[in-house]
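In what follows, a single structure is set out as structure tokens and then discussed.
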């Protein structure tokens, strides 16, 4: 068992128990900055934890980050741990992190799909979806990134419960999704929302469910360009960016389409690296470089949100 | 625990829209139990497909008979999983 955040091995993959234990250690190490809140429970009753980074104030404008909504994308959860640690360590050291946290809160959900993640560690490393039972089918789980109320059930999602992109019986049917929806609505002051996935080295902004460009397309495109340039500056990792539908394919019911439609202008999704043709089986030695380069892009987005209030 | 011995991940590059459509059809054949890690998007862009060992021959014949180019991205998925597990155990120690 890891004993402190300073001896935690960030260059290794960890189970959900280890990650949850580490979150408690991070809170213990930074009690005046980091707290842990529970925003709900998963289908199998695992707690849905969010780390809150705050230097005070009441209902400040906020940035949301999440990793690992597709459980088999282990590099995202691992990047999440490294990033959360970085935020805590850099406050008071890095001027941009300090500036962000002096005026905004950051909420960070490191394991967005804990049931699926636990299942990837115990039974099926390749599991992608949630673990909810579909009454009409022998197939288990819903793709939580097709379950949001944004073009729900449209093209780019499947109505077949056996498909990896099954959208579920209705929007927000998955408690893992509903918990975030309720949190975002109740908070009411989230200004940036970044959902991190892997792999294929892309940075997206909305939309995925329609080819109609978002009204803020120009600004989001410029931020993406800057973020990708910052990311690539570290190790030369090649990223593409653009709207979901124009860059990869039509996908309905996606996270950031919903957040954008809720009024969160700075809504982005990452697909992290696979520079070595490993796909979801990225070797652990690539965790830290991946997190380091992603951090540079995240800072661009977070700083932009901080410097451009709306 | 599900094992993936002999499963391969193929990196497939469709040259036109017709081949992309064929790949989508391939993905919908439930009996093959293939799993797109990276979906086919546009001509020239790679798609990554995990193919269970028992379906490998059928999938490769399908690709070759339709002149869809591919390479083997991961030779044996289970080998990588074993390596991953070993690294985690070492880290815990």
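Residue numbers (this note's numbering), protein chains in the order written: chain A, 1 to 310; chain B, 1001 to 1093. For every residue, glycine included, the Cβ atom is placed at its ideal position computed from N, Cα and C. The structure presented is a predicted model; accordingly, all values stated were derived computationally and were not measured.
Check: At a CB-CB cut-off below 9 angstroms, which residues of chain B make contact with residue 80 of chain A?
Finding: Translated into the one-based positions of the first chain, residue 80 of chain A becomes position 80. Taking a Cβ-Cβ cut-off of 9 angstroms, residue 80 of chain A has no neighbours in chain B, whose nearest Cβ is about 17 angstroms from it.
Note to self: Among the candidates A:130, A:34, A:259 and A:71, whose CA atom is the shortest distance from the CA of residue 89 of chain A?
What the structure shows: Taking the first residue of the first chain as position 1, residue 89 of chain A is located at position 89. Closest by C-alpha distance to residue 89 of chain A, out of A:130, A:34, A:259 and A:71, is A:34.
Note to self: Here's a check: name, in chain order, each residue in its chain whose Cβ is nearer than 6 angstroms to the Cβ of residue 181 of chain A, leaving out the five neighbours to either side.
What the structure shows: The residue you call residue 181 of chain A lines up with position 181 of the first chain. The residues are 172.
Notebook entry, point to check: For residue 83 of chain A versus residue 298 of chain A, is the C-beta spacing smaller than 8 angstroms?
Noted result: As a first step, residue 83 of chain A must be located in the first chain, where it is residue number 83. As a first step, residue 298 of chain A must be located in the first chain, where it is residue number 298. Yes, these two residues count as a Cβ contact at 8 angstroms.
Next item on the list: For residue 1 of chain A, collect the residues of the same chain with a Cβ closer than 6 angstroms to its Cβ; drop the 5 residues on either side in sequence, then sort them by chain order.
Entry: For the purposes of this step, residue 1 of chain A is identified with residue 1 of the first chain, where counting begins at 1. Low confidence applies to residue 1 of chain A: its pLDDT is 49, below 50, so where it sits in the model is not reliable, and the reading given next is rough at best. Cβ within range, chain order: n/a, list empty.
Checklist line | Rounded distance between the beta-carbons of residue 1074 of chain B and residue 1008 of chain B, thought under 8 angstroms | finding: To locate residue 1008 of chain B, count along the second chain from 1; it is residue 8. To locate residue 1074 of chain B, count along the second chain from 1; it is residue 74. The C-beta separation of residue 1008 of chain B from residue 1074 of chain B comes to about 6 angstroms, placing the pair in contact by the 8 angstroms criterion.
Note to self: Checking 8 angstroms against the spacing of the C-beta atoms, do residue 280 of chain A and residue 18 of chain A come in under that value?
What the structure shows: Translated into positions along the first chain, residue 280 of chain A becomes position 280. Translated into positions along the first chain, residue 18 of chain A becomes position 18. No, the pair does not count as a contact, with Cβ atoms beyond the cut-off.
Note to self: For a test of the three-state rule: what should DSSP assign to residue 115 of chain A, helix, strand or coil?
What the structure shows: Numbered from its first residue, the first chain carries residue 115 of chain A at position 115. Under the three-state reduction of DSSP output, residue 115 of chain A falls in the helix class.
Item checked: Limits of the beta strand (DSSP E) - the one that residue 82 of chain A falls within -> Taking the first residue of the first chain as position 1, residue 82 of chain A is located at position 82. Here residue 82 of chain A belongs to no beta strand (DSSP E); instead the alpha helix (DSSP H) covers 74-90.
Notebook entry, point to check: Would you report the Cα separation of residue 40 of chain A and residue 1068 of chain B, rounded to the nearest angstrom?
Noted result: Here residue 40 of chain A corresponds to residue number 40 of the first chain, with the count starting at 1. Here residue 1068 of chain B corresponds to residue number 68 of the second chain, with the count starting at 1. Answer to the nearest angstrom: the Cα atoms are 46 angstroms apart.
Next item on the list: Spell out whether any CB of chain B is found under 8 angstroms from the CB atom of residue 287 of chain A.
Entry: Translated into positions along the first chain, residue 287 of chain A becomes position 287. Cβ-Cβ to chain B under 8 angstroms: no for residue 287 of chain A.
Next item on the list: Compute the distance between the beta-carbons of residue 71 of chain A and residue 15 of chain A, then report whether it is under 8 angstroms.
Entry: Residue 71 of chain A sits at position 71 when you count from the first residue of the first chain. Residue 15 of chain A sits at position 15 when you count from the first residue of the first chain. No, these two residues do not count as a Cβ contact at 8 angstroms.
Margin query: Can you tell me whether residue 147 of chain A sits near the ligand SAH, meaning its C-beta is under 7 angstroms from at least one heavy atom of the ligand?
Written below: As far as ligands go, the structure on display features none, and thus does not contain the ligand SAH.
Checklist line | Distance, residue 1078 of chain B Cα to residue 1051 of chain B Cα | finding: Translated into the one-based positions of the second chain, residue 1051 of chain B becomes position 51. Translated into the one-based positions of the second chain, residue 1078 of chain B becomes position 78. Distance between the alpha carbons of residue 1051 of chain B and residue 1078 of chain B: 12 angstroms.
Notebook entry, point to check: List, in order along the chain, the chain B residues whose C-beta lies closer than 8 angstroms to that of residue 162 of chain A?
Noted result: For the purposes of this step, residue 162 of chain A is taken as residue 162 along the first chain, with counting starting at 1. The answer, in chain order, is 1030.
Item checked: Which residues DSSP lists as bridging residue 34 of chain A, in chain order -> Looking up residue 34 of chain A in the first chain gives position 34. Among the bridge pairs identified by DSSP, residue 34 of chain A is matched with A:53.
Notebook entry, point to check: What do you get for residue 1085 of chain B, buried or exposed, if any count of 16 or more other CB atoms within 10 angstroms of its CB means buried?
Noted result: Reading the second chain from its first residue, position 85 is the one you call residue 1085 of chain B. With fewer than 16 other Cβ atoms within 10 Å, it is exposed.
Checklist line | Proximity to residue 46 of chain A [Cα-Cα], best of A:105, A:175 and A:150 | finding: Along the first chain, read from residue 1 onward, the residue named residue 46 of chain A stands at position 46. The shortest Cα separation from residue 46 of chain A among A:105, A:175 and A:150 belongs to A:175.
Note to self: Please confirm whether residue 1048 of chain B has its beta-carbon closer than 8 angstroms to some beta-carbon of chain A.
What the structure shows: As a position in the second chain, residue 1048 of chain B is number 48, starting the count at 1. Judged by the 8 angstroms Cβ criterion, residue 1048 of chain B is in contact with chain A.
Item checked: residue 1017 of chain B - DSSP class collapsed to helix/strand/coil -> The residue given as residue 1017 of chain B occupies position 17 in the second chain. Three-state DSSP puts residue 1017 of chain B in a helix.
Check: Do residue 1038 of chain B and residue 1030 of chain B come within 8 angstroms of each other at the CB atom, strictly closer than that value?
Finding: Residue mapping note: residue 1030 of chain B aligns to position 30 of the second chain, counting from 1. Residue mapping note: residue 1038 of chain B aligns to position 38 of the second chain, counting from 1. In this structure, residue 1038 of chain B does not lie closer than 8 angstroms to residue 1030 of chain B by Cβ.
Notebook entry, point to check: Going along chain A in order, which residues have a C-beta closer than 8 angstroms to the C-beta of residue 1038 of chain B?
Noted result: For the purposes of this step, residue 1038 of chain B is taken as residue 38 along the second chain, with counting starting at 1. Within chain A, the residues near residue 1038 of chain B are 199, 200 and 279.
Next item on the list: For the beta strand (DSSP E) containing residue 1071 of chain B, list its first residue and its last residue.
Entry: Sequence index remark: in the second chain, residue 1071 of chain B carries index 71 (1-based). 1069-1074 is the span of the beta strand (DSSP E), which, as asked, contains residue 1071 of chain B.
Next item on the list: Using a Cβ cut-off of 8 angstroms (strictly closer), state whether residue 335 of chain A contacts chain B.
Entry: Because residue 335 of chain A is not part of the residues shown, which for chain A are 1 to 310, the question remains open.
Next item on the list: My understanding is that residue 253 of chain A touches residue 150 of chain A, with C-beta atoms under 8 angstroms, so please give their C-beta distance in whole angstroms.
Entry: Here the question's residue 253 of chain A lines up with position 253 in the first chain. Here the question's residue 150 of chain A lines up with position 150 in the first chain. About 6 angstroms separates the beta carbons of residue 253 of chain A and residue 150 of chain A, which is inside the 8 angstroms limit, making them a contact pair.
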